[in-house]
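Visitor: Below you will find the structure I want to go over with you.
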Amino acid sequence: MKERTKVTLITGCSSGIGYELMRLFDRPGYHVVATALPSSYKALIDDPATRSERISVRALDIADYKSASTLVDEIHDSIGPIDLLINNAGISYRSTVEDMTIDDEQRQMQVNYLGPMHLIRCCLPSMRQRRSGHIINVSSVGGMMAMPTMASYSASKFALEGASESLWYELKPWKIKVTLVRPGFINSLAFTKVLYSKKREQGLASPEYEQHYRNMTRFVETIMKRALATSEDVAQRIFRISQKKRPPLRAAGTIDAFLFYYLRRILPRFLYHKLLYCSLPGVKRWGPGK
Ligand SMILES: NC(=O)c1ccc[n+]([C@@H]2O[C@H](COP(=O)([O-])OP(=O)(O)OC[C@H]3O[C@@H](n4cnc5c(N)ncnc54)[C@H](OP(=O)(O)O)[C@@H]3O)[C@@H](O)[C@H]2O)c1
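Counting from 1, position 148 in the sequence shown corresponds to residue 165 in my numbering; the numbering is continuous, with no gaps.
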């Protein structure tokens, strides 16, 4: 029997992992619906990579829940029911907890957690009816271990991880698969898109945290520039996972993610936190000093 074309909805395709995923799934047997923020939509539709007849580009702000519902209905009617949903779009705040505002916290959660959850809810009735489907949520090493100045980002990915674990149990009776992919550090320009809290942008952030920001920013940028893994590598990993008959609930997206996972599992918790704290760059100069 000829297999039906798999309708694959991927969010955040204007750059990075999403862009590479869109290109990878552009192959016989798939129809990709690649979404981009309304502000990036034109650039994506003008990109030669999206000229393929197997790619449809749509504008979507994942935090606009009503538009997300409308989009899923439109895809269902004009292309077909969604077989594979890849929640890839994400943003990352670099801020201490004290410098975040409620608006910043909400934005972080809307894009990385509430939006993806809403999109899942939109896709589920049809997936359950067909007793098939695969949901892949792009998490992060930050969804397993938290770092200073990244509390809100980690909280959003921890939330995504918790909900995906529940979903895995809930959807098993319908044979719908759920996978979390955790990339570690990627050699990409994603660090240039880091967001700062409103307080910091308005110059109202607490100066006491200056060393936290300075050292963490330098540290993350250096590691990302030196990282061996690329967005394309992570996209390939996700593609391979999507091909598996029995995909895992959790999968490392890069080698360092795999190593961090074992480090956290093997070391006693008190030792792990102590070691991590001592390895933070310039940590002796953080805060009030000695
Ligand atoms: N890069 C890393 O080192 C790393 C590590 C671990 C996990 N991850 C995760 O991997 C995923 C992809 O990240 P990436 O590295 O490919 O970063 P990226 O290049 O910044 O891609 C993120 C994508 O999400 C889109 N986006 C942002 N806000 C959105 C919204 N409200 N609605 C819809 N789309 C939105 C962006 O659109 P615009 O370009 O228009 O802003 C962009 O296309 C994210 O979930 C991220 O948390 C990345």
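Heads up, the beta-carbon is just placed ideally off N, CA and C, and yes, glycines get one too.
Note the first and the last residue of the continuous alpha helix (DSSP H) segment covering arginine 282.
Guide: As a first step, residue 282 must be located in the sequence shown, where it is residue number 265. 272 to 283 is the extent of the alpha helix (DSSP H) around arginine 282.
Visitor: Nearer than 8 Å: is that true of the beta carbon of lysine 210 relative to any heavy atom of ligand 3?
Guide: Only ligand 1 can be found as ligands here, which leaves ligand 3 out of the picture.
Visitor: How far does the alpha helix (DSSP H) with leucine 206 in it reach, from first residue to last?
Guide: Here residue 206 refers to the residue found at position 189 of the sequence shown. Unbroken run through leucine 206: none, as it is neither H nor E.
Visitor: Starting from alanine 163, follow the beta strand (DSSP E) in both directions and report where the run begins and ends.
Guide: Taking the first residue of the sequence shown as position 1, residue 163 is located at position 146. Alanine 163 -> no beta strand (DSSP E), and no H or E assigned at all.
Visitor: Beta carbon of threonine 28: closer than 8 Å to some heavy atom of ligand 1?
Guide: As a working mapping, residue 28 is identified with position 11 in the sequence shown. Correct: threonine 28 has its Cβ closer than 8 Å to ligand 1.
Visitor: Which partner residues does serine 112 have in the DSSP bridge list?
Guide: As a working mapping, residue 112 is identified with position 95 in the sequence shown. Partner(s): Met167.
Visitor: So, does the segment 105 to 120 touch the segment 61 to 75, judging by three or more C-beta pairs under 8 Å?
Guide: no
Visitor: Leaving aside the five residues before and after arginine 234 along the sequence, list all residues of the same chain whose C-beta is less than 7 Å from its C-beta, in chain order.
Guide: On the sequence shown, position 217 is the one that residue 234 refers to. According to the sequence provided, residue 234 is threonine. The question's arginine does not apply to it. If we look at threonine 234 and ignore the five residues flanking it on each side, its Cβ neighbours are Arg111.
Visitor: Tell me, please, which residues DSSP counts as bridged to tyrosine 47.
Guide: The count along the sequence shown starts at 1 and reaches residue 47 at position 30. In the DSSP assignment, tyrosine 47 is bridged to Lys23.
Visitor: According to the neighbour-count rule (16 or more other Cβ atoms, all chains shown, within 10 Å of its Cβ), is glutamine 123 buried or exposed?
Guide: The residue you call residue 123 lines up with position 106 of the sequence shown. Result: exposed.
Visitor: Quick check for students: name the residue ranges of the alpha helix (DSSP H) that lie wholly in the segment 61 to 126, counting only runs of 4 or more.
Guide: Scanning the segment 61 to 126 from its first residue to its last, the whole alpha helix (DSSP H) runs of 4-plus residues come out as 82 to 95, 119 to 126.
Visitor: Check the DSSP bridge columns for asparagine 154 and list the partner residues they point to.
Guide: Taking the sequence shown and counting its residues from 1, one reaches residue 154 at position 137. DSSP, once it has assigned bridges, lists Asn104, Leu197 as partnering asparagine 154.
Visitor: Give the secondary structure of threonine 28 by DSSP, where H, G and I count as helix, E and B as strand, and everything else as coil.
Guide: What you label residue 28 is simply residue 11 of the sequence shown in a count that begins at 1. Threonine 28: coil per DSSP, three-state reduction.
Visitor: For serine 84, which residues from the same chain have a beta carbon less than 7 Å from its beta carbon, with the 5 sequence-adjacent residues on both sides left out?
Guide: In the sequence shown, counting from the first residue as 1, residue 84 sits at position 67. For serine 84, where only same-chain residues beyond five positions count, the Cβ hits under 7 Å are Leu77, Asp78.
Visitor: Leucine 197: beta carbon under 8 Å from a heavy atom of ligand 1?
Guide: As a position in the sequence shown, residue 197 is number 180, starting the count at 1. No, the Cβ of leucine 197 stays beyond 8 Å of every heavy atom of ligand 1.
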